[in-house]
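Q: My structure is below; once you've seen it, I'll send some questions.
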Amino acid sequence: MLIRTKINGEWRTADVWPGASLLYMLREQLGLPGSKNACEQGECGSCSVWLDGELVCSCLVLAAQAHEREVRTVESLSSDEHLHPVQEAFLEAGAVQCGFCTPGLIVAVADLLARNPAPSEATVREALSGNLCRCTGYVKILDAVWLAAERMRETPA
Amino acid sequence: MDVLLPRTLDEALEMKVEHPEAVPIAGGTDLMVELNFDRRRPALMMDVSRLPELRRWRREHGSFFLGAGMTYTRIIWDLPEFEALVQASRTVGSPQIRNRGTVGGNLGTASPAGDALPVLAAYDAEIVLIRTGGQTRALPWNKFMVGPKKTAIEPPELILGARWRVVRGPGSFSKVGPRNAMVIAVTSLCLQLDEDQRTVRVALGSVGPTILRAPDAEAFAARALADAGAWDDSTALVPRHVFEGFGERVAAAAKPIDDIRGTAAYRRHACAVLARRALRWALDDRRAAA
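The listed protein sequences derive, respectively, from chains A and B.
Our numbering puts the first residue of the first sequence at 1294, with every later residue one more than the last.
Our numbering puts the first residue of the second sequence at 208, with every later residue one more than the last.
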């Protein structure tokens, strides 16, 4: 079936199998492999994107459910010249090891800081509870969140 | 395989007449897992996530109506007065899951582990079903959920929402699992006090083929609070054996099995612990409010 979705500001059309997930459409049909495919059951958060502005696991959205709706992926956060402050902070804080969980975490942190520029530690932990990282132990990830929050408060987007 | 994409509830109900086999998909947090893992291949699905009529709630003469499309995130933000429901919503999955998952989905899946379901049972909710022409019927929660993942919905119907009489009194939801997030309940419990009727209601999740109430425990607690004078005086001392006795009776109402998430014996024990705590919290809340 033909699905027309506004993705990162641009209307795109894909011919998908009706049972395909939004994640599959993004990665395999629209050339956007930033969202990662790991658990396919909403456990790991690696496929996090925004659907009409809400943080969701794209593996749990039927591609057809995104028809005529708006999706933003991790690819929307940076350009060739500039990284998003959350991405900068992840690099600087050493919050990236194997990197597989990173795009999902970047999206989840960007979502949190857009809604709450000065979150408490408990709020951050709850906001990231749907994103699994098996390398870092999360300490460096939390460091990156504080760094990004501080910078984004100084220079709001 | 195909997907129907109705834009309004009327359109969806018309489609349901023509295609009664269409499987509704809302947040996808249950159904998509089955699709992704090739456990289920419905020939036809119907996206109900974009129907504005389902994403509503309203107060109606002492009752409350919660639309089936209300997500857990919206419940947390919009409905703080329903403490037990908000607590249950906060334990659902993760932010990503709460942004998509709906109470209607919990009802449609009818898993005994559905987090919203013990709350609806403790609220004595009725489930409102709708078919084309706007024709509705309401079933008490226990006539709607009739077995593990089995409901009394008929093919041309969709779940419109749940309705309950609003009661005055403290309530809570508690849940046992291996971590705080992304947990399917090993045991869950909702307790609600009704100050006006002077009753205690308690519902259990994940310890039976469907959600269970514990009527003996409820009657025992209501009587014990009356004997202690606690209904009239929230500072009255409720003896310790009341909490013990309540926990034992709640555990006796459970019908747990051994499965991958826990043993029957552990679940029964957890019921008693959660019941004692929930009753204690409710009495503490009353005292604090007084």
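Every residue gets a Cβ at the ideal spot worked out from N, C-alpha and C, and that includes glycine.
As the structure is a computational prediction, the values presented were derived from the model and not from experiment.
Measuring straight from C-alpha to C-alpha, what distance separates A/I1296 and B/L273?
A: Counted from its first residue, the first sequence places residue 1296 of chain A at position 3. Counted from its first residue, the second sequence places residue 273 of chain B at position 66. Taking the straight line from one Cα to the other gives about 31 Å.
Q: Work out the CA separation of A/E1321 and B/S381 for me, nearest whole Å.
A: Stepping through the second sequence from its first residue, residue 381 of chain B is reached at position 174. Stepping through the first sequence from its first residue, residue 1321 of chain A is reached at position 28. Using only the alpha carbons, I get a separation of about 41 Å.
Q: How would you list, in chain order, the residues of chain B whose beta-carbon sits under 7 Å from the beta-carbon of A/S1341?
A: Numbered from 1 along the first sequence, position 48 holds the residue referred to as residue 1341 of chain A. Under the 7 Å cutoff, chain B gives Q303.
Q: Rounded to whole angstroms, what is the Cα-Cα separation between B/D466 and B/E333?
A: For this step, residue 466 of chain B is matched to residue 259 along the second sequence. For this step, residue 333 of chain B is matched to residue 126 along the second sequence. Using only the alpha carbons, I get a separation of about 30 Å.
Q: To the nearest angstrom, how far is it from the Cα of B/T339 to the Cα of A/P1311?
A: Your numbering for residue 339 of chain B matches position 132 in the second sequence. Your numbering for residue 1311 of chain A matches position 18 in the first sequence. Roughly 25 Å separates the two Cα atoms.
Q: Using the beta-carbon of each residue, which ones in chain B are nearer than 7 Å to A/G1423?
A: By one-based count along the first sequence, residue 1423 of chain A stands at place 130. Ordered by position in chain B, the residues that pass the 7 Å Cβ test against A/G1423 are G300, S301, P302, Q303, I304, A388, M389.
Q: Mark A/H1375 as exposed unless 16 or more other C-beta atoms lie within 10 angstroms of its C-beta, in which case mark it buried.
A: Taking the first residue of the first sequence as position 1, residue 1375 of chain A is located at position 82. Exposed, because fewer than 16 other Cβ atoms sit within 10 Å of the Cβ of A/H1375.
Q: Rank B/A460, B/A443, B/W438, B/A428 by C-alpha distance to the C-alpha of B/V449 and give the top, closest one.
A: Here residue 449 of chain B is taken as the residue at index 242 of the second sequence, counted from 1. Of B/A460, B/A443, B/W438, B/A428, the residue nearest in Cα terms is B/A428.
Q: For my contact list, B/V326 and B/R370 are in at a C-beta cut-off of 8 Å; report their separation, rounded to the angstrom.
A: For the purposes of this step, residue 326 of chain B is taken as residue 119 along the second sequence, with counting starting at 1. For the purposes of this step, residue 370 of chain B is taken as residue 163 along the second sequence, with counting starting at 1. About 14 Å; that fails the 8 Å criterion.
Q: Do B/A275 and B/D209 have their CB atoms nearer than 9 Å?
A: By 1-based counting over the second sequence, the position of residue 275 of chain B is 68. By 1-based counting over the second sequence, the position of residue 209 of chain B is 2. Contact: no.
Q: Under a CB-based cut-off of 9 Å, is A/D1435 close to chain B?
A: Taking the first sequence and counting its residues from 1, the one referred to as residue 1435 of chain A is at position 142. Correcting the residue type first, residue 1435 of chain A is Leu in the shown sequence and not Asp. Cβ-Cβ to chain B under 9 Å: no for A/L1435.
Q: Run through chain A and tell me which residues come within less than 9 Å of B/R307, C-beta to C-beta.
A: Counted from its first residue, the second sequence places residue 307 of chain B at position 100. Here the neighbours are G1335, L1344, E1347, V1349, C1350, L1353, V1354.
Q: Using a threshold of 8 Å, is the CB atom of B/R405 nearer than that to any non-hydrogen atom of the ligand SAM?
A: Ligands are entirely absent from the displayed structure, and the ligand SAM is therefore not among its contents.
Q: Hey, would you say B/G452 sits closer than 9 Å to B/A435, going by beta carbons?
A: In the second sequence, residue 452 of chain B corresponds to position 245, counting from 1. In the second sequence, residue 435 of chain B corresponds to position 228, counting from 1. Not closer than 9 Å, so no.
Q: Would a C-beta distance cut-off of 9 Å place B/Y330 and B/V374 closer than the cut-off?
A: If you number the second sequence from 1, residue 330 of chain B lands on position 123. If you number the second sequence from 1, residue 374 of chain B lands on position 167. The answer is yes: Cβ separation under 9 Å.
Q: Excluding sequence positions up to five away, which residues of its chain have a Cβ less than 8 Å from the Cβ of A/N1424?
A: For the purposes of this step, residue 1424 of chain A is taken as residue 131 along the first sequence, with counting starting at 1. Taken in chain order, the residues that qualify are C1337, G1338, S1339, S1341, C1394, G1397, L1398, A1401.
Q: Does the beta carbon of A/H1375 come closer than 9 Å to any beta carbon on chain B?
A: The residue you call residue 1375 of chain A lines up with position 82 of the first sequence. No, A/H1375 lies away from the interface with chain B (no Cβ there is under 9 Å from its Cβ).
Q: Could you tell me the alpha carbon to alpha carbon distance between A/L1323 and A/N1301, rounded to whole angstroms?
A: Here the question's residue 1323 of chain A lines up with position 30 in the first sequence. Here the question's residue 1301 of chain A lines up with position 8 in the first sequence. Computed Cα separation, rounded: 12 Å.
Q: Which two residues bound the contiguous beta strand (DSSP E) that contains A/D1308?
A: In the first sequence, counting from the first residue as 1, residue 1308 of chain A sits at position 15. It spans 1303 to 1308 - the beta strand (DSSP E) in which A/D1308 sits, taken as one unbroken run.
Q: Buried or exposed: which applies to A/Q1358, given that a residue is buried once 16 or more other Cβ atoms fall within 10 Å of its Cβ?
A: As a working note, residue 1358 of chain A is residue 65 in the first sequence. Per the 10 Å Cβ criterion, buried.
Q: Looking at B/V407 and B/A489, is the spacing between their C-beta atoms short of 9 Å?
A: Translated into the one-based positions of the second sequence, residue 489 of chain B becomes position 282. Translated into the one-based positions of the second sequence, residue 407 of chain B becomes position 200. Cβ distance < 9 Å, so B/A489 and B/V407 count as in contact.
Q: In this structure, what does DSSP give as the bridge partners for A/K1299?
A: In the first sequence, the residue the question calls residue 1299 of chain A occupies position 6. BP columns for A/K1299 point to A/W1304, A/E1363.
Q: Closer than 8 Å, Cβ to any Cβ of chain A: which residues of the segment 221 to 237 of chain B, in chain order?
A: The segment 221 to 237 of chain B vs chain A, Cβ under 8 Å: I232, G234, G235, T236.
Q: Got a sec: which bits of the segment 1296 to 1320 of chain A sit with their beta carbon under 8 Å from any beta carbon on chain B, in order along the chain?
A: Here the close residues are W1310, P1311, G1312, S1314.
Q: May I ask you to report which of helix, strand or coil DSSP gives B/I282?
A: Mapped onto the second sequence, residue 282 of chain B falls at position 75. Looking at B/I282 - three-state DSSP - the assignment turns out to be helix.
Q: Less than 9 Å between the C-beta atoms of B/L367 and B/L261, yes or no?
A: Counting from 1 along the second sequence, the entry for residue 367 of chain B is found at position 160. Counting from 1 along the second sequence, the entry for residue 261 of chain B is found at position 54. Contact: yes.
Q: Can you tell me which of B/A497, B/H226, B/D237 puts its alpha carbon nearest to the alpha carbon of B/K356?
A: Working through the second sequence from its first residue, we reach residue 356 of chain B at position 149. The shortest Cα separation from B/K356 among B/A497, B/H226, B/D237 belongs to B/D237.
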